[in-house]
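Asks:
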Amino acid sequence: MKVIDFHLHIAPLGRFTPCAQGYFRDNNPDFCERFAGDITPEAVIEILRAQGVDRGVMLAEYAPDCSSVITNEYTAEFCRQHEELIPVGALCCYNDTPYVEQARYCVEELGMRGFKLLPSYQFFFPNDPAFFPFYEYVQSRGLFVMYHTGTSIFRNTRIKYADPLLLDDVANEFPGLTMIMEHGGRPFWYDRAAWLISRHENMHIGIAGMPVRRLPEYFPRLEQYGNRFVFGSDWPGMADVKGQIKRVLALPVSEETKEMILHKNAERILARAR
Ligand SMILES: [Zn+2]
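First residue of the sequence shown: 12, per my numbering; consecutive thereafter.
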């Protein structure tokens, strides 16, 4: 089956904070050994292929206190000429350029296909009206915003900003904005994320970094809302992407739902761009 991995953090090991590096060393020693100094698109594509992934979303981020700085420019350049890799932009909160201008530059100059925000790593409330012009623009372009929701193991993250319920405001203000709650509010806000996808048609759950086998327990209406779950691995934070795909294929849901989770929902989200 075709697979799109909607959640990859691609950069050489040295670009990550010491805490993140320690986590990668424990969970993906091969990555640390191979990519201590540099990493290339060809090598990443080869790894994805070997893991059974056809295309991957590469996420930029500006979170120097918690995880890493992977610039929009680096991300766009890395993915250029490689249609297997899909570049997703980030907002820099310590840059004076207005968010909407940063977004326009990402989309119109760099060719970014959507955005990832890390409220608990960048210390902001995602329903702050300061972000509304940005949301307005992203909505007008048919693009998506994905959010880290729920806990993190990285030091310095402030979890109060990662409550999925904050996104209820955004979904109400921007009903045409495609929103993805990564990690589904893990672990103590799963019920909030479940309620949000039932309330707002534009909301989705990214399953990266979640115990896939337990999805039916956390989201009893997984089948009914099969069109809202998006596969991702969080590589290199975990090495066995293949195993994660296998666990999706073993879920007690229809083949159609498995296909939606592994690639069709991602394709539909990407195809909305205008
Ligand atoms: Zn991640």
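Where a beta carbon is used, it is the ideal one built from N, C-alpha and C, also for glycine.
(1) Say yes only if the C-beta of Arg219 is nearer than 8 Å to one or more non-hydrogen atoms of ligand 1, and no if none qualify.
(2) Under 9 Å, do Ala74 and Cys117 count as touching if we go by C-beta distance?
(3) Gln150: buried (16+ other C-beta within 10 angstroms of its C-beta) or exposed?
(4) Go through the region 57-135 residue by residue and report every complete run of the alpha helix (DSSP H) that reaches 4 residues or more, in order.
(5) So does the region 152-164 actually touch the region 273-285, counting three or more Cβ pairs closer than 8 Å?
(6) Taking 6 Å as the limit between beta carbons, can you name the residues of its chain near Tyr236, skipping five residues before and five after?
(7) Between the alpha carbons of Asn276 and Glu267, how many angstroms are there, rounded?
(8) Taking the straight line between their C-alpha atoms, what separation do you get for Phe230 and Tyr201?
(9) On the three-state DSSP scale, how would you describe Trp246?
(10) Count Cβ pairs between the region 82-98 and the region 41-48 that sit closer than 8 Å; are there 3 or more?
(11) Please check the pair Pro227 and Pro263, which I expect to be a contact at CB under 8 Å, by giving their CB distance rounded to whole angstroms.
(12) Look at the alpha carbon of Ala250 and the alpha carbon of Asp37, and state the distance between them as a whole number of angstroms.
(13) Could you have a look at Leu233 and say whether DSSP puts it in helix, strand or coil?
(14) I'd like the ranges of any beta strand (DSSP E) spanning at least 3 consecutive residues and lying wholly in the region 140-171.
(15) Since Asp180 is in the alpha helix (DSSP H), which residue starts that stretch and which ends it?
(16) Assuming Glu70 contacts Leu102 (C-beta within less than 8 Å), just tell me the rounded distance between them.
(17) Taking the CB atoms as reference points, tell me whether Ile191 and Ile280 lie closer together than 9 Å.
(18) When you compare only the Cα positions, how much space is there between Leu176 and Ala205?
(19) By how many angstroms is the C-alpha of Asn213 removed from the C-alpha of Met271?
(20) Just to confirm, are Val165 and Cys77 a CB contact at a threshold of 9 Å?
(21) In the DSSP output, which residue or residues are listed as bridge partners for Val14?
Replies: Taking the geometry as given:
(1) According to the sequence displayed, residue 219 carries Ala and not Arg. Indeed, a heavy atom of ligand 1 lies less than 8 Å from the Cβ.
(2) no
(3) buried
(4) Runs of the alpha helix (DSSP H) inside the region 57-135: 83-90, 110-115, 130-133.
(5) The region 152-164 vs the region 273-285: in contact.
(6) Ile208
(7) 11 Å
(8) 8 Å
(9) strand
(10) no
(11) 6 Å
(12) 10 Å
(13) Three-state result, Leu233: coil.
(14) 155-159
(15) 178-184
(16) Per the sequence shown, the amino acid found at residue 70 is Leu instead of Glu. About 12 Å; that fails the 8 Å criterion.
(17) yes
(18) 11 Å
(19) 16 Å
(20) Correcting the residue type first, residue 165 is Phe in the shown sequence and not Val. Yes, the pair counts as a contact, with Cβ atoms nearer than the cut-off.
(21) Its beta-bridge partners do not exist; DSSP assigns none.
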